[in-house]
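Residue numbering for the sequence shown follows the working numbering, starting at 5 and increasing by one per position.
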Amino acid sequence: LVKATGILATPDRRYLMPWLMQLVLAARAGGLDVIDGVANDFRDLDAFARECAEGAAMGFDGKSLIHPAQIEPANRAFSPAPEALAQARAIRDAFARSENAGKGVIALDGRMVERLHLAQAEKLLAKAAIIGA
5 LVKATGILAT PDRRYLMPWL MQLVLAARAG GLDVIDGVAN DFRDLDAFAR
55 ECAEGAAMGF DGKSLIHPAQ IEPANRAFSP APEALAQARA IRDAFARSEN
105 AGKGVIALDG RMVERLHLAQ AEKLLAKAAI IGA
(Lines of atoms letter the chains of each structure in order from A; the text may use other names.)
(Lines give C-alpha, C1' and ligand atoms only; values in the text may rest on other atoms or scores of the structure.)
Protein backbone atom coordinates (compact mmCIF):
# COMPACT_ATOMS: atom_id res chain seq x y z
CA LEU A 5 0.00 0.00 0.00
CA VAL A 6 2.82 2.40 0.81
CA LYS A 7 4.51 1.76 -2.52
CA ALA A 8 1.30 1.88 -4.54
CA THR A 9 -0.01 5.07 -2.96
CA GLY A 10 3.15 6.95 -2.05
CA ILE A 11 1.88 7.73 1.45
CA LEU A 12 4.31 8.35 4.26
CA ALA A 13 4.98 5.20 6.29
CA THR A 14 5.02 6.48 9.87
CA PRO A 15 5.76 4.24 12.88
CA ASP A 16 2.17 4.63 14.10
CA ARG A 17 0.78 3.74 10.64
CA ARG A 18 -1.79 6.53 10.95
CA TYR A 19 -2.10 7.04 7.20
CA LEU A 20 -2.47 3.31 6.61
CA MET A 21 -5.12 2.64 9.26
CA PRO A 22 -8.23 3.22 7.13
CA TRP A 23 -6.91 0.92 4.41
CA LEU A 24 -5.77 -1.74 6.86
CA MET A 25 -9.25 -1.86 8.37
CA GLN A 26 -10.74 -2.12 4.87
CA LEU A 27 -8.44 -5.07 4.17
CA VAL A 28 -9.71 -6.86 7.27
CA LEU A 29 -13.32 -6.12 6.33
CA ALA A 30 -12.86 -7.30 2.74
CA ALA A 31 -11.11 -10.48 3.85
CA ARG A 32 -13.86 -11.30 6.31
CA ALA A 33 -16.54 -10.57 3.72
CA GLY A 34 -14.81 -13.04 1.42
CA GLY A 35 -14.27 -15.65 4.13
CA LEU A 36 -10.51 -15.22 3.97
CA ASP A 37 -7.73 -14.93 6.51
CA VAL A 38 -5.68 -11.73 6.32
CA ILE A 39 -2.05 -11.18 7.25
CA ASP A 40 -0.67 -7.81 8.37
CA GLY A 41 2.28 -6.54 6.37
CA VAL A 42 5.95 -6.61 7.11
CA ALA A 43 7.79 -4.44 9.62
CA ASN A 44 11.15 -3.65 8.07
CA ASP A 45 13.08 -2.61 11.18
CA PHE A 46 13.70 -6.10 12.53
CA ARG A 47 15.98 -4.71 15.26
CA ASP A 48 13.22 -2.74 17.03
CA LEU A 49 11.35 -5.64 18.59
CA ASP A 50 9.39 -3.38 20.96
CA ALA A 51 7.91 -1.47 18.03
CA PHE A 52 7.32 -4.75 16.23
CA ALA A 53 5.48 -6.21 19.24
CA ARG A 54 3.28 -3.08 19.43
CA GLU A 55 2.50 -3.38 15.72
CA CYS A 56 1.63 -7.06 16.16
CA ALA A 57 -0.68 -6.30 19.10
CA GLU A 58 -2.31 -3.55 17.08
CA GLY A 59 -2.75 -5.85 14.08
CA ALA A 60 -4.29 -8.57 16.24
CA ALA A 61 -6.67 -6.02 17.80
CA MET A 62 -7.69 -4.86 14.31
CA GLY A 63 -8.58 -8.42 13.34
CA PHE A 64 -5.57 -9.57 11.35
CA ASP A 65 -4.82 -13.28 11.60
CA GLY A 66 -1.05 -12.97 11.58
CA LYS A 67 1.94 -10.91 10.53
CA SER A 68 4.48 -11.18 7.73
CA LEU A 69 7.94 -11.81 9.17
CA ILE A 70 11.38 -11.11 7.77
CA HIS A 71 13.64 -12.13 10.66
CA PRO A 72 13.69 -15.03 13.14
CA ALA A 73 13.67 -12.57 16.06
CA GLN A 74 10.14 -11.57 15.04
CA ILE A 75 8.64 -15.04 15.50
CA GLU A 76 8.17 -14.93 19.28
CA PRO A 77 6.53 -11.47 19.46
CA ALA A 78 4.23 -12.36 16.56
CA ASN A 79 3.23 -15.67 18.13
CA ARG A 80 2.58 -13.94 21.44
CA ALA A 81 0.33 -11.31 19.83
CA PHE A 82 -1.61 -13.56 17.48
CA SER A 83 -1.98 -16.65 19.67
CA PRO A 84 -5.29 -16.97 21.47
CA ALA A 85 -5.22 -16.00 25.15
CA PRO A 86 -5.73 -18.86 27.63
CA GLU A 87 -8.96 -17.24 28.82
CA ALA A 88 -10.30 -17.04 25.26
CA LEU A 89 -9.44 -20.70 24.70
CA ALA A 90 -11.18 -21.73 27.92
CA GLN A 91 -14.29 -19.79 26.89
CA ALA A 92 -14.20 -21.33 23.39
CA ARG A 93 -13.97 -24.83 24.87
CA ALA A 94 -16.87 -24.09 27.21
CA ILE A 95 -19.02 -22.92 24.29
CA ARG A 96 -18.10 -25.94 22.17
CA ASP A 97 -18.76 -28.33 25.03
CA ALA A 98 -22.09 -26.70 25.93
CA PHE A 99 -23.41 -27.02 22.38
CA ALA A 100 -22.22 -30.65 22.28
CA ARG A 101 -24.45 -31.64 25.22
CA SER A 102 -27.42 -33.76 24.19
CA GLU A 103 -29.92 -31.35 25.76
CA ASN A 104 -28.63 -28.60 23.44
CA ALA A 105 -28.73 -30.62 20.22
CA GLY A 106 -30.27 -28.58 17.44
CA LYS A 107 -30.66 -25.45 19.54
CA GLY A 108 -29.73 -22.13 17.97
CA VAL A 109 -29.32 -20.35 21.29
CA ILE A 110 -28.35 -21.63 24.73
CA ALA A 111 -27.57 -20.14 28.13
CA LEU A 112 -24.00 -20.44 29.34
CA ASP A 113 -22.76 -18.92 32.57
CA GLY A 114 -25.67 -16.50 32.70
CA ARG A 115 -25.41 -15.21 29.15
CA MET A 116 -26.96 -16.01 25.81
CA VAL A 117 -24.71 -17.91 23.40
CA GLU A 118 -25.69 -18.43 19.77
CA ARG A 119 -24.44 -20.75 17.04
CA LEU A 120 -22.42 -17.83 15.64
CA HIS A 121 -20.46 -17.90 18.90
CA LEU A 122 -19.93 -21.62 18.41
CA ALA A 123 -18.52 -20.96 14.93
CA GLN A 124 -16.19 -18.33 16.38
CA ALA A 125 -15.14 -20.70 19.16
CA GLU A 126 -14.42 -23.50 16.70
CA LYS A 127 -12.34 -21.18 14.53
CA LEU A 128 -10.33 -20.04 17.56
CA LEU A 129 -9.74 -23.62 18.70
CA ALA A 130 -8.64 -24.60 15.20
CA LYS A 131 -6.22 -21.68 15.12
CA ALA A 132 -4.79 -22.71 18.47
CA ALA A 133 -4.36 -26.28 17.25
CA ILE A 134 -2.45 -25.07 14.18
CA ILE A 135 -0.20 -22.83 16.27
CA GLY A 136 0.39 -25.66 18.74
CA ALA A 137 1.41 -27.95 15.91
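Beta carbons: idealized from backbone N, C-alpha and C, even for Gly.
Length of the line joining the Cα atoms of residue i and residue j
i, j, result
"Ala57", "Glu118", "28 Å"
"Asp113", "Ile134", "28 Å"
"Met21", "Pro77", "21 Å"
"Ala13", "Asp45", "12 Å"
"Ala105", "Ala111", "13 Å"
"Ala33", "Leu49", "32 Å"
"Asp40", "Met62", "10 Å"
Span of the alpha helix (DSSP H), counted from its first residue to its last, around residue i
i, result
"Glu76", "75-82"
"Arg96", "86-100"
"Glu55", "49-62"
"Thr9", "6-9"
Residue range of the unbroken beta strand (DSSP E) whose run includes residue i
i, result
"Val109", "109-112"
"Val117", "115-118"
Whether residue i touches residue j by CB criterion (9 Å)
i, j, result
"Leu122", "Arg80", "no"
"Leu69", "Val109", "no"
"Phe64", "Val28", "yes"
"Pro84", "Ala31", "no"
"Arg101", "Leu129", "no"
Helix, strand or coil at residue i according to DSSP, with G and I counted as helix
i, result
"Val28", "helix"
"Asp40", "strand"
"Gly136", "helix"
Spatial neighbours of residue i in its chain, beta-carbon cut-off 6 Å, leaving aside the 5 residues before and after
i, result
"Phe82", "Ala60, Gly66"
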